[in-house]
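In terms of the working numbering, the sequence shown opens at residue 138 and continues consecutively. Notes to accompany the following structure.
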Amino acid sequence: MKYGSVCSGIEAATVAWHELGWQPAWFSEIEKFPSQVLAHHYPHVENLGDMTFIAEKVKSYEVEAPDILVGGTPCQAFSVAGLRNSLDDDRGQLSLEFVRLANEIDSARFIRGLEPVIAIWENVPGVLNTKDNAFGCLLAGLAGEGCELQPPGGRWKNAGCVFGPSRQVVWRVLDAQHFGLAQRRKRVFVIASARTECITEILFERQGVFGDIEKSQNKGEGSASNSGIHTNRTSETVSGKTIVPPLLASHGQKKWLGNQEAFCGDYYIKHAI
138 MKYGSVCSGI EAATVAWHEL GWQPAWFSEI EKFPSQVLAH HYPHVENLGD MTFIAEKVKS
198 YEVEAPDILV GGTPCQAFSV AGLRNSLDDD RGQLSLEFVR LANEIDSARF IRGLEPVIAI
258 WENVPGVLNT KDNAFGCLLA GLAGEGCELQ PPGGRWKNAG CVFGPSRQVV WRVLDAQHFG
318 LAQRRKRVFV IASARTECIT EILFERQGVF GDIEKSQNKG EGSASNSGIH TNRTSETVSG
378 KTIVPPLLAS HGQKKWLGNQ EAFCGDYYIK HAI
């Protein structure tokens, strides 16, 4: 399998897929530092730069139309830590550019008699509840619908699937702490394809470690008790084990900086007894 990566960063996808034998056809990254990292580790893979020019290059056969298109377009337009201008933000518009690129790749592969592309998109959970229904626009574009899709009940759930005229689309919110990382990090993963296989099996398979972590070599005491008034997480344990939350700016002297804890519902105020 060969894949094209947009908003590549330092290429987490390539690291994750290396053992599968999958090969990158090209990268797309504009920032200086990650581009230097890519050039150092993957000198044989072309960095196409700005992703907004790739669709036309695929159409004119200047760029390979790979089996897989993967990318996490900028999250700043959707994150609760930002202004949340969504599709009014140029960075938010890149989610729709991802759709356009997937469509051009499919067109090129169809002409060559190849199977449709598998598109994999990732972003923050905040994309599920923007005022302009950005997620509904993304789903509609990937599924091939003529207008934005509306969430049943007025709100997009953490998992679901859509079967449209162009593709079947499946999405699910996954938390990194359930996949071997000692940190809470929820992200929305979307997979879309016109292939005949049911792609719902990819995201809805039950695999994960449910927050379990390996035992320390040495015995130790639990976390020291807090004193005074402080913020506390609504869920501090998973499967009976203490989970250490990620460090946020608000954990310093400036409490509640950015309101991320309040918006995500993970924190509440309590008095020590």
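Glycine included, each C-beta is placed from N, C-alpha and C at the ideal position.
{"Item": "Three or more C-beta pairs below 8 angstroms linking the region 204-222 and the region 171-180", "Value": "no"}
{"Item": "Given 8 angstroms, three or more beta-carbon pairs between the region 188-201 and the region 153-160", "Value": "no"}
{"Item": "The region 286-298 contacting the region 261-278, beta-carbon criterion three pairs below 8 angstroms", "Value": "yes"}
{"Item": "Between the CA atoms of R249 and N260 - distance to the nearest angstrom", "Value": "31 angstroms"}
{"Item": "Straight-line Cα distance separating Q314 from L279", "Value": "29 angstroms"}
{"Item": "Closest Cα partner of A214 within the set S232, R246 and E166", "Value": "S232"}
{"Item": "Where L220 sits in the DSSP three-state scheme", "Value": "coil"}
{"Item": "In DSSP terms, what C298 is bridged to", "Value": "V307"}
{"Item": "Rounded straight-line distance, which links the Cα of P289 to that of K169", "Value": "42 angstroms"}
{"Item": "Cβ-Cβ distance between L452 and R321 below 8 angstroms", "Value": "The first residue shown for the chain is 138 and the last is 410, placing residue 452 beyond what the model contains."}
{"Item": "Selection from A277, N266 and S216 that minimises the alpha carbon distance to N240", "Value": "A277"}
{"Item": "Coil, strand or helix - I248 by DSSP", "Value": "helix"}
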